[in-house]
Structure formats: structure tokens, C-alpha cells
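Data first, discussion second: the structure below is written as C-alpha cells.
Chains as they are written, first to last, in my numbering: chain A, 1006 to 1787; chain B, -2 to 159.
Here it is as C-alpha cells:
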């Protein structure tokens, strides 16, 4: 135990949530056991597009243990439409019901649901349902989908184009291109990815007939948004609805959604008057939990021969899949918001075309829009540097705003409140021993080896966010209660599922209230306990949710001072507070600790006139802006000439997320984020064939990084606080995934540069790298 | 047709009559009430369901419960006897878990790994955990945790901080 006077904030503390998890006694959705619980399994379409001629459930209903089998005709009217909260002008959207109507439009589209006394019987029932499909034409490629004559994902919409979103900012883009010495064009493809949390989704619903209350346990990141949105689907009032996110086994954006199954299981629990459980299989998770990314674009850059970038013009096609989940159409627009990265680029014009195809919907996957933008701009910086023969650090430094120029307004319309991009780059160079790294690479090349170094200097949008920029409010709620015993309960509206806020919030509370951390309990994830919230996504938990907690503490201390002044028989301006003790120097030698003060507050026999009993406060924090963490990643790789295998030989990451509450947890977030990027650059790609069949439906086919794929990291930080919140913290959950992808990709291309390879699409698998080495021509988008 | 199965789980004799098709992981979770063993894929790849069967790490989704007849099974609930197992301590101290879902399987695989090789190098730890997927941590802290738990703890690098 450290010196009790040492603040908890800033310490690499072990997590408070861990003991239950390492003992295997945490409760995930599938661990719930309720009396009378029955089990659901879902029949899903094997076709990407087909008319449903007939569904025969008789054989399934006759099986032992089967309680009911339901089709769209049975449940859709009662379950409403799957909601999309994104607001995009002139958006064309299909009406997506919880089970298919007369048509399926992606592989995995739910067609029928069976409920039985045990999960095995439910699966047997699904096997016994007979569906007569009439296959229809399929489009599984977004670029093909915008061509005339393409099959239509939804014939009634008359087009596959959901929307076109244009951003033009800064000075005149036409003038930029007119005055350029040259225009460099490059095509970049950001492949479709499957988030793959190790815990698939799951839902348990239980209806209390007497109270008329419905409780839903869901493996979700957003219990509060569910409580807001489900009433519109299933007709249960918000104040009769309790959503619980118990232990949640990973989210990465995949559980930032309102899914058909949540409404469906809730409906069946009410309809059958029994608690119902549905647990997603891995195959279902790969097919019907949202996918991420899937954007392809042509990028034109207007440059002067001295390396000055004058403007970027682009048309990006974003594959939305076949329908809209909660934020589907908004995600590609985030790419446009931060496309200029951490650079001063005077003019931009971005056109994003959202397109329907017969595939699963895309939506927010770790980073959501910013990894796409960062990959684009950081690849393009290397492309420009290589074309013009300029050093790639030099060209980045040339376009950084100076630290004194913040707040910095970008051509994309954002205002970055703070930044020191030069500082992060300098620190990363120093940690990487840059000059030696370059010498080593050159020596390896001279010896005939393929060795490369990659850099990315990134900025991201975090702490989402101001309500004016968020579909359903971007504030966060908190409540802090000094209990009568002197223990402290902090309740947050964010919904951590691995990010460790039970620990980091306890560190903040213990320091500010002045109690041992063991006396603090942080509660979350149950809408009957955390009454309001906007949940966990967009690296917002600590920066936005933590600030709401701080506001509560300030209110409690202010009230406690009033009470202490009364007990000291003085006025509150004479009362001082520190280390959990109230004093009134010069008035009395008496000290009042929290336990005594809390006793007075709740026993309430000696309160000043007008002071309410109790010591509890709640707050909503409304941030005035996003935050803009940044950093520099430097990666060295070796490519095997015989196999095309890429090995990461050095990884240096310097991230600036502001002050660190718990360095150990920050490190875990960054390392985990980088692992997602290692997967994206080297292994992962969600593949549909031309018939819309999903070929990556299992861990067997979709390659997550394994322990042997991970390098040893050198991690560093610079600390540039934000002014957006009083903690100065900016968020770190997505940083690794945003900064790492282009750094690794740039390193592989640097290694292959001596062979004349100037471009490779992601993922840079051994096969693709080997092929590029053999042909020494750029591999093209698959 | 249900048949009897007898095995020892966490030092307790168990006897149930179950369908022969019931996977060991479902038997442990649904019949023994030991929900610490998790299901991540049902195809033997993710390793979240790893338990020890007669001391060897086994993915319990790849085995029918009746195949464990007469065996001694240890699950995550059985490794701490009043105090945390060194591997559990390692995971806690090194932040070797985030969401915790893969953790029981990781811990069981690590116990087996250390039983085979009490002083593994980092590369040997990574190789030994290739059969267990984690999507949160990026594995680096997991390797720290196992190195700390092993007799070769001295070779386990302190977590790098800049």
C-alpha cells in the first residue's frame, strides 16, 4: 500500500473489478439462472436475397420440449422496427423488422424463432423448421451497387444509394487544384471487419405480470439508450422498463446497438409469461452482429513541389450493408470529420456515398470513422512524401499546427482545443532511437533483407460529446452518495465492460472526498440504479462520465461545508476541507470527519435552517466540445522474402490522452487497441462472395491476432490536458486502433519499397505480400 | 436417451443422468452450476471454455461430458483454495484482463503451461497460449501475468512505462 497521502489518481493500481473475474464468479448474461427460464434459438436465412414463399413450423412445434415457434407474421407487429438514430438529410431507409417479412436480404437475416425448455431442444426445433425460399438477384459489392443495372438491395427504394454526404471546407478546393504543381491520386480500401468480442451477444427478459415491469439483461454497451429506444418498439413504458448490462464480455462498438433480438426476446417473455434467454452463437455473432469499416475511395491531393499540400478531394463509397442499425449511416460521416488529421490542409472536399448491399449492416467498430480517416491521411502523407522525395517526418512536421496555434480550426469544421504534435513525434523518435532504427533498416537492406519503418501521427475525436453533435444527447449523468456510515457510493451512467471505471472512478472519488479507496463502491449498468446515462462508446467514459462524478463531489462538499459551519457555529466561508476532514481554523480546534458529518446529515436532528437532510448529489455534465487526443506510433517490420510473412520487430507508441488516472489501465487500452490494428493490417477481413455468402463466419476463417503475433511494446506519453473538462482527460479506448493501422501498413510498404511495391490493400497477408513481391506491381483491391 | 455420468469436479464427486450429446462445458455450466467456464465459439478455437481434465488443459466445448466419465475435472472455481492461485495473482497484478470473459480459460491454459514448463520465456508463454483468444488486452499483459506466476518470474519484464 502506498503512502495514504499519495493521491490514488496517477497510480498504476490493480483493478477493483478483477477478483470476481479471475475467480470465475462474475455474472455474464449466459450465467443468469431464473426460475422457469426457457431458451430461444433463431432460424436464419442461408440466402443473401430471397423471397420467402412458405414457412412450415409444424414439425418444429411438435418436438418434445418446444414451447412455441414464431415467424415474422406472429411477432413483427408487436416488436416495431429496428431503430436508426442517425440523422442524415434525405436518407433512404428500409423498414427493418425483427424477423423477416416476405423477403430476406442478408445471410443470417432472422426468419423464425423457437422457444424450448432447454437450449438443445430449441436448436433442434430450429433445425425442424422448413422454409421455401425463392432466390433473388444479389449485389454484394458497394462499387457494383452504384452502377446502373445493379440488382437492388431493396427494390422498393429504387436505388442502392442511401445518401450522399458532402463536406467542403477551408479555402476553395478548385483554386487549390488549379494552383497545384501536381495532383497525386491514390485509391484506398478500408476492408470490412468483424468486431468479434469473445462473449457473443445475449439477452434474458423477464416480465413481472403484477407490476407490469419488464427487466432485460443484455450484453450491451448501452443499457440507457436501450431504455430510451425499446419502448418505441415493444410498447412498454420507459418507467416500467429496467435494463441491466451485467458483466459484458467485450464490446468494441459491436454492442453499441439496439438489436432485433432485444425487442424479440422481450416480446416473447411478455407473450409467454416466462423468462426467456437467447444466447448468440459464434456463427451468429460473425454474421448478424454489426461489422465495421468497409469504405473505398479515390483520393486526389493537390501539392506544390516543395511538399506543401494545398487540398484533398475525395469520393468515398461506404458499404452500409443491407439495412440501418443504430448509427450505420453516421459512421462514414465521421471519417469526413477528421480526414485532415493533425495537419493544416487548406482545402478539402469530401463526398461520401452510403450504399446498400446484401450484407450485414456496418456500424461503429472501435474507432468508428476515425481509423478510416487516419489510415487514409497517414497513408497519403507517405504517398506524397515518396512521390516528391521528401522525408516522411519532414512532411508531417511541415503541416502540423504549432502548439501556440491552438485552438486550431480544421478545414473539416472541427476546432481542436489543444495539441502538441511536435512533442509526441519527438518523444516517439527518442523512444524508438530513430537514427539507429534507420541505420539498422538500411544495413538489413544492404544485406538483402526486407526491412521497413512506418510512422503515423494521429489525432482522434473522443469524449463524445457535445449533445448538439450526438443523436441522443452526449451528456453524462452521475450520482455520488456519502452514506450514513461514511462509505461512499458513486453511480455512473456510463457502462464499462472492461475499461475499468469501477477502479478509475473510485480513484477519483477517494482522492477528492478524502476516504480510503476501499470505502468507495462504483455502481453502473443497471437503469434502476443508474437512472440516467448515455453509456460507453466513443472513448467517453472517464472524460465525460468521470466529470459528472466530479461535479457531484463538488456539490456534496459544498453542502457538507454548510453543515460543518453550523456544527462549528460559524459561517461556511470559515470552513476548510482537506483529506476527508472539515476544520474551521481560527474559529475552533474541532475537526469533523465524514462519518460524523454524514451521521448528522442523515439523523437530521441538528441541521441549519433550510438545509435538506442527506448527503447525495447528482449531476449531468454537458461537454462543450469533443476532445482531441493525439500521438505518434513508430513501427519496424521485417518481411520474409520466401513466405511474405510480416514480423513486427519494434513498436513504439506515444499517446497523449491527457493526465493518466491509472497508467496500468491506460496501457491495457493502448495495447489492446494496437492488437486490433495488427489484426486489421495483417490478418483480418470479413469476406462475402459474389452471392453474398459470408465466408468468414467462424474464428476458423476470420483470423484474430494470437499471443504469438504481438510484439513487445515501448509505450510513452506526453500530457497535454484538454480544457473541455476539469480533469483535463481526453479518452484512450480507441487510440491504439486509430494510430496503429497506418503505422504498421506504412512499415510494410517501406519494407517492400526497394522492390517497387507502392501499394498493398489491407490485410497484408503473407499470400498478398508474397504475390506483390513476385510481381512487384501494386496489388489491387479484391 | 439420457445416460448416467460420474466424474469428479473440483474435488467433489458428481453424478448426473444426461443426454450423451451434452458438451462438457454445458454439463459444467448447466448441471454443475459452475458458470465460470465460458463459451466463446463452440468450435474449439477461442479457448474460453478451457478446463483441466486429469491435469491437462482441454477445451470443454470439444468434448462430450460422457467422455469425461471417471475423470477429474478442475474449473476456474476450483483453482483458488482460500487464497488466489499464483496465476490468478499474476493476472490481477499485471492487468491481464479487461472484460474478463476469456480469463478463466486463459488462467486454466496458463496453469497447464506452467505445470509443463515452470520457467517459460515470453516466447514460450505466447506459444503456449496460442489456443486462447483475447480481444481486449492484446496479450502483452497476459504474458506479463504468466511470467510473473512462473518460477521464472525474474525473467518476466516489468510492465514498460514511458
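Beta carbons: idealized from backbone N, C-alpha and C, even for Gly.
Buried or exposed for residue 14/B, please, with buried defined as at least 16 other CB atoms from any protein chain shown within 10 angstroms of its CB.
Mapped onto the second chain, residue 14/B falls at position 17. Burial call: exposed.
Checking contacts by CB at 9 Å: is residue 1784/A closer than that to chain B?
Taking the first chain and counting its residues from 1, one reaches residue 1784/A at position 779. With a pLDDT of 41 at residue 1784/A, under the threshold of 50, the predicted position of this residue should be treated as unreliable, and no value is reported.
What span of residues does the beta strand (DSSP E) with residue 1090/A cover, start to end?
Mapped onto the first chain, residue 1090/A falls at position 85. Note, residue 1090/A: premise wrong, no beta strand (DSSP E); not H, not E.
Could you check what DSSP says for residue 1573/A in three-state terms: helix, strand or coil?
Indexing the first chain from 1 puts residue 1573/A at position 568. The answer is helix: DSSP assigns residue 1573/A an H, G or I state.
Drop a sphere of 10 angstroms on the beta-carbon of residue 1614/A, count the other beta-carbons inside from all chains shown, and report buried for 16 or more, exposed for fewer.
Walking along the first chain from the start, residue 1614/A turns up at place 609. Residue 1614/A should be labelled exposed.
For my contact list, residue 1205/A and residue 1262/A are in at a C-beta cut-off of 8 Å; report their separation, rounded to the angstrom.
Here the question's residue 1205/A lines up with position 200 in the first chain. Here the question's residue 1262/A lines up with position 257 in the first chain. No, residue 1205/A and residue 1262/A are not in contact; Cβ-Cβ is about 14 Å, not under 8 Å.
Going by DSSP, what residue range makes up the beta strand (DSSP E) through residue 1497/A?
Locating residue 1497/A in the first chain gives position 492, where the first residue counts as 1. Element bounds for residue 1497/A: 1493 to 1497.
Please classify residue 1386/A as buried or exposed, where buried requires at least 16 neighbouring CB atoms within 10 angstroms.
For the purposes of this step, residue 1386/A is identified with residue 381 of the first chain, where counting begins at 1. Buried.
If distances are taken between C-alpha atoms only, which option among 1710/A, 1053/A and 1013/A comes closest to residue 1700/A?
Sequence index remark: in the first chain, residue 1700/A carries index 695 (1-based). Selected option, being the one with the closest Cα: 1053/A.
My parser needs the beta strand (DSSP E) runs of 3 or more residues fully inside the region 1193 to 1218 of chain A; what are they?
Counting whole runs of 3 or more residues, the region 1193 to 1218 of chain A contains the beta strand (DSSP E) stretches 1207 to 1213.
Could you tell me which residues DSSP pairs with residue 1638/A in its beta bridges?
One-based indexing of the first chain puts residue 1638/A at position 633. Paired residue(s): 1461/A and 1658/A.
Under the rule that 16 or more other beta-carbon atoms within 10 Å means buried, what is residue 109/B, buried or exposed?
One-based indexing of the second chain puts residue 109/B at position 112. Classification of residue 109/B: buried, given that the 10 Å Cβ count is 16 or more.
Run through DSSP, which three-state label would residue 1384/A get?
Looking up residue 1384/A in the first chain gives position 379. In the structure shown, residue 1384/A sits in a helix (DSSP, three-state: H, G or I).
Cβ closer than 7 Å: which chain A residues qualify as neighbours of residue 124/B?
The count along the second chain starts at 1 and reaches residue 124/B at position 127. Within 7 Å Cβ-Cβ: 1713.
Restricting to Cα atoms, I'd like to know which of 1130/A, 1257/A and 1140/A is closest to residue 132/B.
One-based indexing of the second chain puts residue 132/B at position 135. The residue with the shortest Cα to Cα distance from residue 132/B is 1257/A.
Out of 1511/A, 1111/A, 1194/A and 1070/A, which one is the CA nearest neighbour of residue 1121/A?
Residue numbering aside, residue 1121/A sits at position 116 when the first chain is read from its first letter. The shortest C-alpha separation from residue 1121/A is found at 1070/A.
Name the chain A residues that come within less than 7 Å of residue 160/B, Cβ to Cβ?
It is not possible to answer for residue 160/B, since the shown part of chain B is limited to -2 through 159.
Mind pulling the alpha helix (DSSP H) runs of 4 or more residues that sit fully within the region 1715 to 1773 of chain A?
As far as the region 1715 to 1773 of chain A is concerned, its whole alpha helix (DSSP H) runs of at least 4 residues are 1740 to 1757.
On the DSSP bridge assignment, give the partners of residue 47/B in chain order.
Here residue 47/B refers to the residue found at position 50 of the second chain. Its beta-bridge partners are 56/B.
Under a CB-based cut-off of 9 Å, is residue 14/B close to chain A?
Position 17 of the second chain, counting from 1, holds the residue named residue 14/B. No, no contact with chain A.
So with CB distances below 9 Å, who are the chain A contacts of residue 39/B?
Here residue 39/B refers to the residue found at position 42 of the second chain. Per Cβ cutoff of 9 Å: 1286, 1287 and 1288.
Looking at the unbroken alpha helix (DSSP H) that takes in residue 1084/A, where does it start and where does it end?
As a first step, residue 1084/A must be located in the first chain, where it is residue number 79. Counting along the chain, the alpha helix (DSSP H) containing residue 1084/A begins and ends at 1077 to 1084.
For chain B, is any of its Cβ atoms less than 9 Å away from the one on residue 1019/A?
By one-based count along the first chain, residue 1019/A stands at place 14. It does; some Cβ of chain B falls within 9 Å.
Who does residue 1356/A pair with in a DSSP beta bridge?
As a position in the first chain, residue 1356/A is number 351, starting the count at 1. BP columns for residue 1356/A point to 1171/A and 1320/A.
Is there at least one Cβ from chain B nearer than 9 Å to residue 1575/A's Cβ?
As a position in the first chain, residue 1575/A is number 570, starting the count at 1. No, its Cβ sits nowhere closer than 9 Å to a Cβ of chain B.
Please say whether residue 1031/A and residue 92/B have beta carbons closer to each other than 9 Å?
Your numbering for residue 92/B matches position 95 in the second chain. Your numbering for residue 1031/A matches position 26 in the first chain. No, these two residues do not count as a Cβ contact at 9 Å.
Quick one: Cα of residue 1545/A to Cα of residue 1515/A, how far?
The count along the first chain starts at 1 and reaches residue 1545/A at position 540. The count along the first chain starts at 1 and reaches residue 1515/A at position 510. The alpha-carbon atoms of residue 1545/A and residue 1515/A are separated by roughly 21 Å.
Counting only beta-carbon atoms, is residue 1768/A nearer than 9 Å to chain B?
As a position in the first chain, residue 1768/A is number 763, starting the count at 1. Cβ-Cβ to chain B under 9 Å: no for residue 1768/A.
Just to confirm, is the Cβ distance from residue 1297/A to residue 1199/A under 9 Å?
Walking along the first chain from the start, residue 1297/A turns up at place 292. Walking along the first chain from the start, residue 1199/A turns up at place 194. The answer is yes: Cβ separation under 9 Å.
Indicate whether the contact test is met: 3 or more Cβ pairs, each with one atom in the region 1324 to 1335 of chain A and one in the region 1096 to 1114 of chain A, closer than 8 Å.
Touching, yes.
Can you confirm whether residue 147/B, when its beta carbon is compared against all beta carbons of chain A, has any partner nearer than 9 Å?
Looking up residue 147/B in the second chain gives position 150. With 9 Å as the cut-off, residue 147/B does not count as an interface residue toward chain A.
Which of the three DSSP states is assigned to residue 1107/A in this structure?
Residue numbering aside, residue 1107/A sits at position 102 when the first chain is read from its first letter. Three-state result, residue 1107/A: coil.
Using a Cβ-Cβ cutoff of 8 Å, what residues of the region 1336 to 1366 of chain A are near chain B? List them in chain order.
The residues in question: there are none.
From residue 1494/A to residue 1134/A, what does the alpha carbon distance come to, in whole angstroms?
Along the first chain, one-based indexing puts residue 1494/A at 489. Along the first chain, one-based indexing puts residue 1134/A at 129. Roughly 50 Å separates the two Cα atoms.
Shorter than 9 Å from the beta carbon of residue 0/B to some beta carbon of chain A?
Reading the second chain from its first residue, position 3 is the one you call residue 0/B. So, not an interface residue.
Count the other CB atoms within 10 Å of the CB of residue 0/B; is the residue buried (16 or more) or exposed (fewer)?
Position 3 of the second chain, counted from the start, is the residue given in the question as residue 0/B. Classification for residue 0/B: exposed.
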